[in-house]
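Right, one structure below, let's go through it.
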Amino acid sequence: DGGITQSPKYLFRKEGQNVTLSCEQNLNHDAMYWYRQDPGQGLRLIYYSQIVNDFQKGDIAEGYSVSREKKESFPLTVTSAQKNPTAFYLCASSILTGGIQPQHFGDGTRLSIL
Amino acid sequence: EDQVTQSPEALRLQEGESSSLNCSYTVSGLRGLFWYRQDPGKGPEFLFTLYSAGEEKEKERLKATLTKKESFLHITAPKPEDSATYLCAVQAEGIQGAQKLVFGQGTRLTINP
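In order, the protein sequence lines correspond to chains A and B.
Just so we're aligned: the first sequence equals residues 11 to 124 in my numbering.
Just so we're aligned: the second sequence equals residues 278 to 390 in my numbering.
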């Protein structure tokens, strides 16, 4: 079955540590996105990528980094510069042709601080 | 600034009791409005896309409608399995290529048997 796989489901970070969240899709979608979800707030865009080896900052990119070396993969690194990293992180993908298309989401990674 | 506001924040209904969820938006030209369902600990699941005022989409007990300022998600004779958080998102004009969506904070719906 085609879909978006995020791993791990739960992740714990120590102070001063960088952690990387994985996102893989087998939908052959062009674009991929990372969102952060906090209780009582809407999803906020961290980074997005339309094509391999290119990505753009979203609304809350500070303290995060990404790469897009393969079409299928868009890992997110939460760096030690992100002072409030505890949140539910969601990866999404979409096609970019055929008009306005919905984004499809993975099942998220919950990041907590030790 | 583009904004999306959903109301109510939470809604509790009895099984079979129909109601509506509201999504109000202010954007500089709407390209599309999306409804998603999110279960606890899961990612959002796509439900509908609406493109222009007057448009309606239906799926089982759900019907989404769109006006120039808001969208409604009508739930007819809901069942306990309809319990979830429902998210609304808009895509504004002026953004080419990848979609930059603006999300509302969601409505948490609980259907009691």
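For every residue, glycine included, the Cβ atom is placed at its ideal position computed from N, Cα and C.
(message) Run through chain B and tell me which residues come within less than 7 Å of Leu37 of chain A, C-beta to C-beta.
(response) In the first sequence, residue 37 of chain A corresponds to position 27, counting from 1. Against chain B, a Cβ distance below 7 Å from Leu37 of chain A picks out nothing, because the smallest value is about 12 Å.
(request) Anything in chain B within Cβ reach of Leu53 of chain A, meaning under 7 Å, just list it in chain order. (result) To locate residue 53 of chain A, count along the first sequence from 1; it is residue 43. The contacting residues are Phe380.
(request) Leaving aside the five residues before and after Glu294 of chain B along the sequence, list all residues of the same chain whose C-beta is less than 6 Å from its C-beta, in chain order. (result) As a first step, residue 294 of chain B is located in the second sequence; it is residue number 17 there, counting from the start. Correct list: empty, nothing qualifies.
(request) Look at the Cβ atom of Phe84 of chain A, then the Cβ atom of Gln47 of chain A, and state whether they are nearer than 8 Å. (result) Walking along the first sequence from the start, residue 84 of chain A turns up at place 74. Walking along the first sequence from the start, residue 47 of chain A turns up at place 37. Here Phe84 of chain A is not near Gln47 of chain A, since their CB atoms are 8 Å or more apart.
(message) With a threshold of 8 Å, are at least 3 pairs of Cβ atoms found where one atom belongs to the stretch 30-50 of chain A and the other to the stretch 98-108 of chain A?
(response) They touch, by the three-pair rule.
(request) Return the Cβ separation of Ala369 of chain B and Arg289 of chain B in integer angstroms, given the expectation that the two are a contact with Cβ distance under 8 Å. (result) Taking the first residue of the second sequence as 1, we reach residue 369 of chain B at position 92. Taking the first residue of the second sequence as 1, we reach residue 289 of chain B at position 12. With a Cβ gap of about 33 Å, Ala369 of chain B and Arg289 of chain B do not count as contacting.
(message) Let's see if you can read the secondary structure: which residues bound the beta strand (DSSP E) around Leu343 of chain B?
(response) For this step, residue 343 of chain B is matched to residue 66 along the second sequence. For Leu343 of chain B, the enclosing beta strand (DSSP E) stretches over residues 339-343.
(request) Quick one: which unbroken beta strand (DSSP E) runs of 3-plus residues sit fully inside the stretch 288-351 of chain B? Chain order, please. (result) Given a length threshold of 3 residues, each whole run of the beta strand (DSSP E) inside the stretch 288-351 of chain B is given here in chain order: 296-303, 307-315, 322-327, 333-336, 339-343.
(request) Indicate whether at least one CB of chain A lies closer than 8 Å to the CB of Lys334 of chain B. (result) What you label residue 334 of chain B is simply residue 57 of the second sequence in a count that begins at 1. Not closer than 8 Å to any Cβ of chain A, the Cβ of Lys334 of chain B fails to qualify, so no.
(request) Would you please state the rounded distance, in angstroms, between the beta carbons of Asn116 of chain A and Cys33 of chain A? I believe it to be under 8 Å. (result) Mapped onto the first sequence, residue 116 of chain A falls at position 106. Mapped onto the first sequence, residue 33 of chain A falls at position 23. According to the sequence shown, residue 116 of chain A is Gly rather than Asn. Going by Cβ atoms, the distance from Gly116 of chain A to Cys33 of chain A rounds to 6 Å, so yes, they are a contact pair.
(message) Quick check: the Cα distance between Ile14 of chain A and Gln291 of chain B, rounded to an integer number of angstroms?
(response) As a working note, residue 14 of chain A is residue 4 in the first sequence. As a working note, residue 291 of chain B is residue 14 in the second sequence. Approximately 34 Å, taken between the alpha carbons.
(message) Could you compute how far the alpha carbon of Lys80 of chain A sits from the alpha carbon of Ser296 of chain B?
(response) Here residue 80 of chain A corresponds to residue number 70 of the first sequence, with the count starting at 1. Here residue 296 of chain B corresponds to residue number 19 of the second sequence, with the count starting at 1. If you take the alpha carbons of Lys80 of chain A and Ser296 of chain B, they lie about 45 Å apart.
(message) Assuming Glu34 of chain A is part of the beta strand (DSSP E), what are its boundary residues?
(response) Mapped onto the first sequence, residue 34 of chain A falls at position 24. Going by DSSP, Glu34 of chain A is part of the beta strand (DSSP E) stretching over 29-35.
(request) Look at the Cβ atom of Ala361 of chain B, then the Cβ atom of Phe311 of chain B, and state whether they are nearer than 8 Å. (result) For the purposes of this step, residue 361 of chain B is identified with residue 84 of the second sequence, where counting begins at 1. For the purposes of this step, residue 311 of chain B is identified with residue 34 of the second sequence, where counting begins at 1. The criterion of a C-beta distance shorter than 8 Å is not satisfied by Ala361 of chain B and Phe311 of chain B.
(message) Is there a Cβ of chain B sitting closer than 8 Å to that of Gln92 of chain A, yes or no?
(response) On the first sequence, residue 92 of chain A is found 82 positions in, with the first residue counted as 1. Not one chain B Cβ lies under 8 Å of Gln92 of chain A.
(request) Using a Cβ cut-off of 9 Å, pull out every chain A residue sitting near Phe349 of chain B, in sequence order please. (result) Residue mapping note: residue 349 of chain B aligns to position 72 of the second sequence, counting from 1. Per Cβ cutoff of 9 Å: no residues; Phe349 of chain B is ~18 Å from chain A at best.
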